[in-house]
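Visitor: Taken in order, these protein sequences are the chains called L and Z. The opening residue of the first sequence carries number 1 in UniProt numbering; numbering runs sequentially from there. The opening residue of the second sequence carries number 1 in UniProt numbering; numbering runs sequentially from there. All residues carry an ideal CB built from backbone N, CA and C; glycine is no exception.
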Amino acid sequence: MADSVGRQVDSINHATEEDEKKHEIIGAKGEGKELTKEEKQRLRKEKKQHKKNKKDDRGPPEKEKEKEKASVPAPSKPATQSPAHKAAPVPVNASASESPVAAEKPAKSKAELRAERRARQDSERASKQGKKEGGQQSTSSKPKATPNELQPVVKRLPDHVQVDDPVALKKLAKKLERQQVPLRSDYGYKVSLFSHLHQYSRKNPPTQQISIPVTVIHPSIVRLGLQYSQGIIAGSNARSVALLHAFKQVIQDYSTPPNEELSRDLVNKLSPYISFLSQCRPLSASMGNAIKYIKKEISNIPSQCKEEEAKRILQECIDSYINEKIILASEAISKYAIEKISDGDVILVYGCSSLVNHILCEAFEKQRKFRVIVVDSRPRLEGREALRRLVKKGIRCTYVLISALSYILPEVSKVFLGAHALLANGYVMSRVGTSQIALVAKAYNVPVLVCCETYKFCERVQTDSFVSNELDDPDDLIVTRNGKTHLENWQTVKSLGLLNLVYDVTPPDFVDLVITDLGMIPCTSVPVVLRVKNVDQ
Amino acid sequence: MELQAVLMAAGGGSRMMDLTYNTPKPLLPVGNRPLIWYPLNLLERVGFEEVIVITTKEVQKALSADHRLKTDVKMRLDVVCIQEEADMGTADALRHIQQKIKTDILVVSCDLITDVALHEVVDLFRAHSATLSMLMSKVHEFTETVPGQKGKKKAGEQRDFVGVDVTGKRLLFMANEADLDEGLVFRKSIMRKHPRMLIKTGLLDAHLYCLKRSVVDFLVHNKSVTSIRGELVPYLVRKQFSKSLNSQNETEDSEKNQKQQDLLSTSKDEALLQLARERSCWNDHRGDMSEAYHGGKLRCYVHIMEEGMCYRVNTLAAYIEANRVVPKLFEDPPIHPGALVSERSLVGSDSIIGPLCQISDRTSIKRSNVGMSTTIKEKVKITNSIIMNGVIIEEGCNIQGSVICNNAVIGRGADIKYCLVGSGQHVEPEGENKIMFGNNNLDISDLFVYTMIVY
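If you want it as structure tokens, here you go:
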């Protein structure tokens with residue numbers, strides 16, 4: 001919003017036109033501020049483009065022709081002709097289509113406005129086609145205008161999946177430099193299919209270049225980043241809770257500078273912190289949703305609110321978010337899931353999902369008779385932790401590695417899986433190996449139940465595990481047995497690459513049921529839930 | 001603010017009285033800079049902007065008078081003076097400045113010269129929310145001959161036994177040979193929680209500690225603890241495994257105080273942190289049924305430096321070794337521009353000359369450090385020696401493997417080999433005292449007795 005403030009100065013000339021446009025839109029839609037801000041931005045962008053192209057191809061006569069067109073009709077016309085003005089690169093037919101529309105100005109309806117806007121967006125997209133855009137995620141940062149209208153938004157690739165593009169890298173470096181966040185360099189040879197992702201090493205911590213009494217970044221954020229990069233806080237829920245806890249501390253220590261508003265300044269303060277955290281470890285979908293929520297809450301703070309009051313409100317918001325979305329959600333999910341666990345069941349779990357462990361512990365407390373098979377995989381070997389927690393509770397467990405999966409599946413009656421995120425096309429993103437479990441379970445006709453809270457639902461769409469993933473430290477794959485480490489000098493072998501993937505996606509055909517706090521839904525209903533969520537917000 | 005730096009510069013240098021009976025230890029020149037400059041430089045390089053320096057009045061006066069120090073060190077030094085006669089231990093000093101301490105602290109000793117990447121120590125402190133995080137280094141053998149020492153290092157040196165866990169980061173056990181009667185005694189609780197422990201003896205404690213704020217509060221309540229290294233650190237290491245549910249007693253008291261100060265939200269935050277830990281699938285050990293850190297709230301960590309330089313200048317041998325190694329580190333020109341070096345003299349490339357020196361013709365200086373404002377006349381041969389500030393060396397002297405302290409005067413033609421000439425002493429010109437000392441302990445002590453009486 002900072003540059004919009006700046007640009008308001010330039011747009012004073014077009015103020016009248018835009019005001020009128022604004023009034024119309026407000027009259028037509030009754031929507032309010034959000035829409036007009038977007039509109040203003042789009043208008044400004046078009047204006048800029050128009051100016052650029054004006055010098056290249058537009059001669060004076062054509063411009064005059066358009067101006068004539070604009071001057072002739074009714075006084076309300078100039079407002080609508082300015083979009084035609086700005087859509088200069090578009091051939092004349094666009095403006096022609098808009099002028100008959102403009103002629104019916106007084107009797108304007110929603111449909112006409114929508115058509116206008118679509119035409120403008122088409123022209124925008126046409127002009128932007130040649131340029132390659134790398135930048136921030138537009139999907140997460142741009143708020144949805146209305147839930148009913150799915151406006152075509154220009155989607156930009158997030159820069160954490162554009163590591164092999166030097167332009168995007170340079171942009172990222174510049175951004176980090178501006179925010180005074182150190183850039184973490186990639187490590188080791190990357191397998192070519194995944195060269196578009198970052199690969200960091202634990203031996204180069206992100207705190208190497210930060211001064212020791214940290215000044216730019218809040219100490220609790222630095223601590224959090226360290227804990228992420230070293231894997232001390234791992235798991236989608238744990239990371240979100242720790243993130244919100246750190247934000248609480250940041251908010252507590254925050255003080256508004258003299259001429260700023262808390263609602264704007266605090267959001268700006270959080271951006272370098274988020275960049276730092278994504279340098280330590282790429283953000284998870286749950287963290288992304290939590291950050292979106294916080295930013296929305298902060299910008300909704302009324303400006304006349306006192307600082308202490310605002311801080312208290314924000315702390316309460318965070319507490320209620322954690323309570324609702326994580327704690328109570330897991331209670332609700334346990335309740336539903338326990339209905340599905342019957343006596344004599346043999347349940348298979350994979351890795352260490354906090355939610356699935358919670359469900360099993362609750363079921364055990366409710367005197368269900370079942371036993372658990374814990375499947376584990378290298379290099380993380382998280383199953384050991386799950387095994388420890390279940391055995392400590394008193395549940396009978398078996399432990400196998402994933403390579404023994406097909407041997408053990410004939411014994412299994414149900415598979416419970418946790419999820420890192422649920423994508424908008426129904427795919428389940430989870431720890432690498434989950435899709436294998438689901439596949440083999442399907443082959444043996446064993447029902448697969450995925451347990452996931454709704455705050456992990458993500459608007460991203462992915463059909464394979466390559467596009468967006470995370471590469472962990474390749475040195476984790478090195479193991480020493482009998483005193484010998486064969487992969488010690490893997491970097492010297494030119495053709496050898498170590499790949500340590502973290503996530504993979506499971507298609508919805510292999511998943512039989514998704515248990516969420518809203519109930520038990522099939523995998524394909526995820527977009528519905530997302531839509532319902534947006535309406536609520 | 002995250003960390004406050006505290007520099008302990010009030011120590012006496014009791015293990016090298018020959019050097020420090022006149023000059024306080026923080027002001028001893030090493031590589032032509034006062035010893036205190038090195039930890040200050042380390043803190044500055046890492047990004048500290050303010051340091052609390054605890055020292056004596058003498059040192060404070062000297063620091064404020066030293067212009068070079070003022071220009072080199074850009075941090076703000078908050079000097080706290082304590083009485084020398086009060087014989088305060090390091091923990092007493094922390095108690096003394098308790099009012100100034102608002103956050104966690106990084107305590108550094110003034111005699112530490114190191115090039116460690118300090119973020120390694122502090123990262124352990126941050127990531128594991130440790131109560132104590134310290135730095136240790138592998139001991140390197142000293143190669144230089146030390147005046148007054150017979151042959152190899154005497155075996156009377158008290159060893160430190162340090163026990164770490166398999167990862168090499170968690171500190172489980174610390175004891176000094178002096179405190180033990182016959183053997184090492186381990187608690188069963190440690191063995192149960194950490195069945196694999198590595199015991200190391202060849203480690204040098206760098207006296208660099210990151211301590212939580214609650215430890216300072218604990219010191220305030222327990223006035224019997226005087227020294228950080230001697231009492232506090234072993235106590236904290238032992239307390240990690242004490243049966244009384246770890247977080248009880250001292251730390252809880254201090255937490256209570258903190259809770260009174262902070263808002264009630266602290267307890268809610270603690271609950272959140274606990275929730276995050278529960279949901280996280282990480283454990284620092286495996287093989288038993290306990291959660292991460294065995295549920296203990298008090299944790300001590302150590303970073304052991306394998307490579308790199310780490311010296312504690314608290315003995316004569318360390319002092320000489322440091323003088324030898326340090327000039328190679330810094331990119332200062334070996335011959336200070338302010339020195340007047342005659343063209344017909346021979347100054348070796350591994351020697352350094354301080355400012356305002358005067359070196360006359362036909363003088364040869366090899367592998368030596370010459371301090372500030374020193375005058376060296378003609379035909380002098382200096383090899384493998386350390387010459388401090390303000391020394392006057394007359395013609396024809398031959399100095400080998402020696403340490404000449406501040407403001408000494410070496411008479412004409414004196415021949416000094418492997419000696420230590422005390423501060424402000426005069427060595428008679430040749431003819432009378434052709435001092436040729438070898439590693440002869442008796443003569444050295446005679447010399448010192450002589451100098452002390454004269455002084």
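Does any CB atom of chain Z fall closer than 8 Å to the CB of L/Ser211?
Guide: At least one CB atom of chain Z sits nearer than 8 Å to the CB of L/Ser211.
Visitor: Can you say whether Z/Phe48 is buried or exposed, counting buried as having 16 or more other CB atoms within 10 angstroms of its CB?
Guide: So Z/Phe48 ends up on the buried side.
Visitor: Mind reading off the beta-carbon distance from L/Gln199 to L/Ser271? Whole number of angstroms is fine, and I expect it under 8 Å.
Guide: Not confirmed; about 24 Å, so no contact.
Visitor: Counting contacts by CB-CB distance shorter than 8 Å, is Z/Phe330 in contact with chain L?
Guide: no
Visitor: From L/Leu348, L/Thr485, L/Tyr336, pick the residue whose C-alpha is nearest to that of L/Ile515; which is it?
Guide: From the listed residues L/Leu348, L/Thr485, L/Tyr336, the smallest Cα separation to L/Ile515 is found for L/Tyr336.
Visitor: Closer than 8 Å, CB to CB, is Z/Val380 near chain L or not?
Guide: no
Visitor: So within the region 94-179 of chain Z, which uninterrupted beta strand (DSSP E) runs reach at least 3 residues, ignoring any that extend past its ends?
Guide: 104-109, 112-114, 132-138, 160-164, 171-176
Visitor: Output the boundary residues of the beta strand (DSSP E) element that contains L/Asn289.
Guide: That residue, L/Asn289, is in no beta strand (DSSP E); its alpha helix (DSSP H) goes 285-299.
Visitor: So Z/Met136 packs on Z/Pro234, CB below 8 Å; how close in whole Å?
Guide: Rounded, the Cβ-Cβ distance is 14 Å, inconsistent with contact.
Visitor: Three-state secondary structure (DSSP) at L/Val267?
Guide: If DSSP states are grouped into helix, strand and coil, L/Val267 belongs with the helices.
Visitor: Just checking: is the beta-carbon of L/Glu24 within a distance shorter than 8 Å of some beta-carbon in chain Z?
Guide: Any reading at L/Glu24 must be qualified, since the residue scores a pLDDT of 48, below 50, and its modelled position is unreliable; the value itself is stated next. Cβ-Cβ to chain Z under 8 Å: no for L/Glu24.
Visitor: Report the residue ranges of all alpha helix (DSSP H) runs contained in full by the region 407-482 of chain L; include only those spanning at least 4 residues, in chain order.
Guide: 434-443
Visitor: In the DSSP assignment, find the beta strand (DSSP E) that holds Z/Glu50 and state where it starts and stops.
Guide: 50-55
Visitor: How many angstroms separate the CA atom of L/Ala285 from the CA atom of L/Met429?
Guide: 10 Å
Visitor: Check whether the Cβ atoms of residue 502 of chain Z and Z/Pro327 lie closer than 8 Å to each other.
Guide: The question about residue 502 of chain Z has no answer here: the residues shown for chain Z are numbered 1 through 455.
Visitor: According to the neighbour-count rule (16 or more other Cβ atoms, all chains shown, within 10 Å of its Cβ), is L/Glu46 buried or exposed?
Guide: Flag for L/Glu46 reads buried.
Visitor: Report the start-end ranges of each beta strand (DSSP E) in the region 314-363 of chain L that is 3 residues or longer and not cut off at the edges.
Guide: 345-350
Visitor: Going straight from the alpha carbon of L/Gln227 to that of Z/Val122, what length do you get?
Guide: Taking the straight line from one Cα to the other gives about 13 Å.
Visitor: Provide the residue(s) that pair with Z/Val370 in DSSP beta bridges, ordered along the chain.
Guide: Z/Ile353, Z/Ile387
Visitor: What is the rounded straight-line gap between the Cα of Z/Glu250 and the Cα of Z/Cys210?
Guide: Confidence is the limiting factor: at Z/Glu250 the pLDDT is only 48, short of 50, which leaves the residue's position unreliable and the question unanswerable from this model.
Visitor: So, residue 538 of chain L versus L/Leu518, is the Cβ gap smaller than 8 Å?
Guide: The requested residue 538 of chain L is not part of the displayed model; chain L covers only 1 to 537.
Visitor: Can you tell me whether Z/Asp284 is helix, strand or coil according to DSSP?
Guide: coil
Visitor: Give a yes or no on whether 8 Å exceeds the smallest Cβ distance from Z/Leu208 to chain L.
Guide: no
Visitor: Check each candidate in L/Asp504, L/Pro182, L/Asn500, L/His420 and name the one with the smallest Cα separation from residue 584 of chain L.
Guide: Because residue 584 of chain L is not part of the residues shown, which for chain L are 1 to 537, the question remains open.
Visitor: Please classify Z/Thr451: is it buried, with 16 or more other beta-carbons within 10 angstroms of its beta-carbon, or exposed?
Guide: Note on Z/Thr451: pLDDT 42, under 50, position unreliable in the model; no value is reported.
Visitor: In the DSSP assignment, the alpha helix (DSSP H) including L/Gly225 goes from what residue to what residue?
Guide: 219-229
Visitor: For chain L, is any of its Cβ atoms less than 8 Å away from the one on Z/Met1?
Guide: yes
Visitor: Which value, in whole angstroms, describes the spacing of the CA atoms of L/Asp319 and Z/Asp269?
Guide: 10 Å
Visitor: Between L/Lys442, L/Pro527, L/Lys484, which lies nearest to L/Phe457 when the distance is taken from Cα to Cα?
Guide: L/Pro527
Visitor: Going by Cα to Cα distance, which pick from L/Gly483, L/Val502, L/Asp473 is closest to L/Val467?
Guide: Taking only the C-alpha atoms, the option nearest L/Val467 is L/Val502.
Visitor: Step through the CB atoms of chain L and report whether any lies within less than 8 Å of the CB of Z/Asp111.
Guide: no
Visitor: For a cutoff of 8 Å on Cβ pairs, would you count Z/Val449 as touching chain L?
Guide: Interpretation of Z/Val449 is limited by its pLDDT of 40, a score under 50 that renders its predicted location unreliable; no figure is taken from the coordinates.
Visitor: Along the region 95-126 of chain Z, where does the CB come closer than 7 Å to a CB of chain L? Name the residues.
Guide: Leu118, His119, Val122, Asp123, Arg126
Visitor: Rounded to whole angstroms, what is the Cα-Cα separation between L/Gly418 and Z/Arg126?
Guide: 30 Å
Visitor: Please list, in chain order, all residues of the same chain as Z/Ala91 whose beta carbon is under 8 Å from its beta carbon, the five residues on each side excluded.
Guide: Leu219, Val225, Thr226, Ser227, Ile228, Glu231, Leu232
Visitor: Would a check of beta-carbon distances place Z/Asn41 closer than 8 Å to chain L?
Guide: no
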